[in-house]
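Comments concern the structure below.
2 protein chains.
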Amino acid sequence: MTREELVQQIHIKKSCLCIGLDTDIAKIPSFLLDTDDPVFEFNKIIIDHTHEYCVAYKPNIAFYESMGPKGWMALEKTLRYIPEHIFTIADAKRGDIGNTGKMYAKTYFEYYHFDAVTVAPYMGRDSIDPFLEYHNKWTILLGLTSNPGSADFQMLRTGDAYLYEEVIRLSSEWGTPRNLMYVTGATHAEKLKSLREIAPHHFFLVPGVGAQGGSVEEVMKAAGIKGETGLLINSSRDILYASAGEDFGQAAQRRAAELQSVMSRYI
Amino acid sequence: MTREELVQQIHIKKSCLCIGLDTDIAKIPSFLLDTDDPVFEFNKIIIDHTHEYCVAYKPNIAFYESMGPKGWMALEKTLRYIPEHIFTIADAKRGDIGNTGKMYAKTYFEYYHFDAVTVAPYMGRDSIDPFLEYHNKWTILLGLTSNPGSADFQMLRTGDAYLYEEVIRLSSEWGTPRNLMYVTGATHAEKLKSLREIAPHHFFLVPGVGAQGGSVEEVMKAAGIKGETGLLINSSRDILYASAGEDFGQAAQRRAAELQSVMSRYI
Numbered sequence: 012m013t014r015e016e017l018v019q020q021i022h023i024k025k026s027c028l029c030i031g032l033d034t035d036i037a038k039i040p041s042f043l044l045d046t047d048d049p050v051f052e053f054n055k056i057i058i059d060h061t062h063e064y065c066v067a068y069k070p071n072i073a074f075y076e077s078m079g080p081k082g083w084m085a086l087e088k089t090l091r092y093i094p095e096h097i098f099t100i101a102d103a104k105r106g107d108i109g110n111t112g113k114m115y116a117k118t119y120f121e122y123y124h125f126d127a128v129t130v131a132p133y134m135g136r137d138s139i140d141p142f143l144e145y146h147n148k149w150t151i152l153l154g155l156t157s158n159p160g161s162a163d164f165q166m167l168r169t170g171d172a173y174l175y176e177e178v179i180r181l182s183s184e185w186g187t188p189r190n191l192m193y194v195t196g197a198t199h200a201e202k203l204k205s206l207r208e209i210a211p212h213h214f215f216l217v218p219g220v221g222a223q224g225g226s227v228e229e230v231m232k233a234a235g236i237k238g239e240t241g242l243l244i245n246s247s248r249d250i251l252y253a254s255a256g257e258d259f260g261q262a263a264q265r266r267a268a269e270l271q272s273v274m275s276r277y278i
Numbered sequence: 012m013t014r015e016e017l018v019q020q021i022h023i024k025k026s027c028l029c030i031g032l033d034t035d036i037a038k039i040p041s042f043l044l045d046t047d048d049p050v051f052e053f054n055k056i057i058i059d060h061t062h063e064y065c066v067a068y069k070p071n072i073a074f075y076e077s078m079g080p081k082g083w084m085a086l087e088k089t090l091r092y093i094p095e096h097i098f099t100i101a102d103a104k105r106g107d108i109g110n111t112g113k114m115y116a117k118t119y120f121e122y123y124h125f126d127a128v129t130v131a132p133y134m135g136r137d138s139i140d141p142f143l144e145y146h147n148k149w150t151i152l153l154g155l156t157s158n159p160g161s162a163d164f165q166m167l168r169t170g171d172a173y174l175y176e177e178v179i180r181l182s183s184e185w186g187t188p189r190n191l192m193y194v195t196g197a198t199h200a201e202k203l204k205s206l207r208e209i210a211p212h213h214f215f216l217v218p219g220v221g222a223q224g225g226s227v228e229e230v231m232k233a234a235g236i237k238g239e240t241g242l243l244i245n246s247s248r249d250i251l252y253a254s255a256g257e258d259f260g261q262a263a264q265r266r267a268a269e270l271q272s273v274m275s276r277y278i
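So the protein sequences, as listed, match chains C and U.
For the first sequence, our numbering assigns the number 12 to the initial residue and increments by one for each residue that follows.
For the second sequence, our numbering assigns the number 12 to the initial residue and increments by one for each residue that follows.
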């Protein structure tokens, strides 16, 4: 998907909501457990109820991987079920040397046909380049994450900057605002502003809204790009598990609609 | 596998060789392509011919993942085929927030029964802890990698140290030499000595011998631990693709035996 197509969807839906499909077999309502593929059935109902309110879905690969080959089959079916105009992100956080990076890029862009994949920066440029080489595909590099451990290394000072700032500054020369985005954790809204100065034109994927505590308004005010929004704001558990009962689809829909309604004020 | 068991195998075989199973369907001798599962058939022949000379196998997960569910099935069969006393490493370089990290740990330790998994440090302690919680399992954290991109972030100065030194120094307090190892690239043999000072008791997994250019002797002299060796030295492509013909098993055996013979002088 091109940047123009993504921005168009954001304007049409007045939403920059990304829904994280962190589908955990241990949290799926029990009535689905008798079906052939409970993970896919759960995702299907979530997608049916939320696709009007979001512009992206982000399957969290760990949850599928942990189930062995049948988890990957559920992922494949889920990808095919997501409507064409919705941006798809493999939340995989991969990163390895060139010849291995190529294999990861092939997995997500060629085998599963994702629009985007999240990548870890630690191994540097040749671990990221294989993803950037794909036309109209996106690399979403970890900048600042939303977990407590982000303080351990990302916030180390290196010269005049934090490591996460240096990661964004340097890598922004490797890709362009048309093929590279950044993960920037919403639990640090005050830091989003300074990141927007370092990368004024790149989309930010902002996790940590909801279960992890960030606020949609704060994020949109701090890091929006005028006319393009430039943000994908993610919510996972808050939407997926809004109800543990048979009405989980409706509950997810209400939560997604609430978030979309807040977003619409800034788009 | 416990540390004592691993050290015992190193002494019995006079080898600290780890063979990377970066099995690439595009490089497999063509006579295997007609079989039901060429990747598994290739691995089987490699294992048959090399298991006497190595103490560890390290499947590179990207190569299996890129083939979809059937790649994971080949991985599962490969794992079952590796003799019990050989240490197994999932070269996965995973790393994500706590609840997702748990899923990755579950994948490699519970579903596939690996002894160890490689993990990326960027997201900090709560992304690593879920792996460290398993009894008699190992986390192998990226310290200094052997690719050109290691210069981009790993070698940034942070305070008085390089980032990779700080990663090792800080994380060595999270695990112990009985459940935590480090990836330390062999193309920087001069740096291995100083890393051994920072982490005197932890095993190092050293990639980059062979195709990537490092020397076994240099590594063993620079970073060995007296009486325990404390090293797993990896070779992948040099062994797997020593011949492109039907004799690839024998060629792999010769190459593995050569490396083991060099190692035996220092064990």
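A virtual CB, placed ideally from N, CA and C, is assigned to each residue, including glycine.
Helix, strand or coil at residue i [DSSP, three-state]
i	result
U/Asn6	The structure shown does not extend to residue 6 of chain U, since chain U spans only 12 to 278, so no value can be given for it.
C/Met134	coil
U/Gly106	coil
C/Phe164	coil
U/Gly31	strand
C/Ile244	strand
U/Tyr175	helix
U/Pro70	strand
U/Ala210	coil
C/Tyr193	strand
U/Ala253	coil
C/Leu216	strand
U/Phe142	helix
U/Trp83	helix
Chain U within 8 Å of residue i, Cβ atoms only
i	result
C/Leu216	no
C/Trp149	no
C/Thr4	This structure leaves residue 4 of chain C out entirely; chain C is present only between 12 and 278.
C/Thr111	yes
C/Met231	no
Closer than 8 Å to chain C by CB, residue i
i	result
U/Ile23	no
U/Tyr252	no
U/Tyr115	yes
U/Met192	no
U/Met12	no
U/Leu90	no
Proximal residues of chain C, C-beta to C-beta of residue i below 7 Å
i	result
U/Asp107	Ala73 and Lys104
Contact list for residue i against chain C, beta-carbon separation under 8 Å
i	result
U/Asp362	One cannot answer for residue 362 of chain U here, as it falls past the ends of chain U, which runs 12 to 278.
U/Lys202	Near U/Lys202 there are no residues of chain C at all, since even the closest Cβ is about 16 Å away, more than 8 Å.
U/Arg276	Under the 8 Å cutoff, chain C gives no residues; its nearest Cβ is about 29 Å from U/Arg276.
U/Glu177	Phe164 and Leu167
Distance cut-off 7 Å: residue i Cβ against heavy atoms of the ligand MN
i	result
U/Ile179	In terms of ligand content, the structure shown is empty, and the ligand MN therefore cannot be addressed.
Chain U contact residues for residue i, given Cβ-Cβ distances below 7 Å
i	result
C/Asp163	Gly135, Arg136 and Leu181
C/Glu16	The contacting residues do not exist; C/Glu16 stays about 27 Å from chain U at best.
C/Asn44	A small correction: the amino acid at residue 44 of chain C is Leu; Asn does not occupy that position in the sequence shown. Within chain U, no residue comes near C/Leu44; the closest Cβ sits about 18 Å away, beyond 7 Å.
Chain U residues whose Cβ lies nearer than 8 Å to that of residue i
i	result
C/Leu174	Phe164, Leu167, Thr169 and Leu174
C/Leu153	Tyr133 and Met134
Residue i at chain B interface by Cβ criterion, 8 Å
i	result
U/Asn110	In summary, chain B is missing from the structure at hand, where the protein chains are C and U.
Item to check | chain U contacts made by the segment 117-137 of chain C, where a contact means CB separation under 7 Å | outcome: Listed in chain order, the positions of the segment 117-137 of chain C with a beta carbon within less than 7 Å of a beta carbon of chain U are Lys117, Thr118, Tyr122, Ala131, Pro132, Tyr133, Met134, Gly135, Arg136 and Asp137.
Checklist entry - For the segment 52-82 of chain C, which residues have a CB atom closer than 7 Å to at least one CB atom of chain U, in sequence order? => result Residues of the segment 52-82 of chain C with a C-beta less than 7 Å from any C-beta of chain U: Asn71, Ala73, Phe74, Glu76, Ser77, Gly79 and Pro80, listed in chain order.
Checklist entry - Are the segment 62-69 of chain C and the segment 56-73 of chain U touching by the rule of at least three beta carbon pairs closer than 8 Å? => result No, the segment 62-69 of chain C does not touch the segment 56-73 of chain U.
Next on the checklist: Could you check whether the segment 147-167 of chain U touches the segment 114-129 of chain U, counting it as contact only if at least three pairs of C-beta atoms, one from each stretch, sit closer than 8 Å?
Outcome noted: Here the segment 147-167 of chain U makes contact with the segment 114-129 of chain U; the two share three or more CB pairs at distances below 8 Å.
Checklist entry - Would the segment 159-168 of chain U and the segment 184-191 of chain U be scored as touching if the rule is three or more Cβ pairs under 8 Å? => result Touching, no, given that fewer than three Cβ pairs across the two stretches are closer than 8 Å.
Checklist entry - What residues from the segment 252-274 of chain U come within 8 Å of chain C, judged by C-beta to C-beta, listed N to C? => result If you check each beta-carbon in the segment 252-274 of chain U against every beta-carbon of chain C, none falls closer than 8 Å.
Checklist entry - Hey, is the segment 18-34 of chain C in contact with the segment 67-87 of chain C, meaning 3+ C-beta pairs nearer than 8 Å? => result They touch, by the three-pair rule.
Item to check | Any 3 or more C-beta pairs closer than 8 Å across the segment 264-272 of chain C and the segment 43-58 of chain U | outcome: Here the segment 264-272 of chain C does not lie against the segment 43-58 of chain U, with fewer than 3 beta-carbon pairs under 8 Å apart.
Item to check | Any 3 or more C-beta pairs closer than 8 Å across the segment 80-90 of chain C and the segment 130-141 of chain C | outcome: The count of Cβ pairs closer than 8 Å, one atom from the segment 80-90 of chain C and one from the segment 130-141 of chain C, stays below three, leaving the stretches out of contact.
Checklist entry - Within the chosen definition, does the segment 176-186 of chain U reach the segment 200-218 of chain U through at least 3 CB pairs nearer than 8 Å? => result Yes: at least three Cβ pairs fall under 8 Å.
Checklist entry - Below 8 Å, can you find three or more Cβ-Cβ pairs linking the segment 82-100 of chain C to the segment 12-20 of chain C? => result As far as the Cβ criterion goes, the segment 82-100 of chain C touches the segment 12-20 of chain C, which means the pair count is three or higher.
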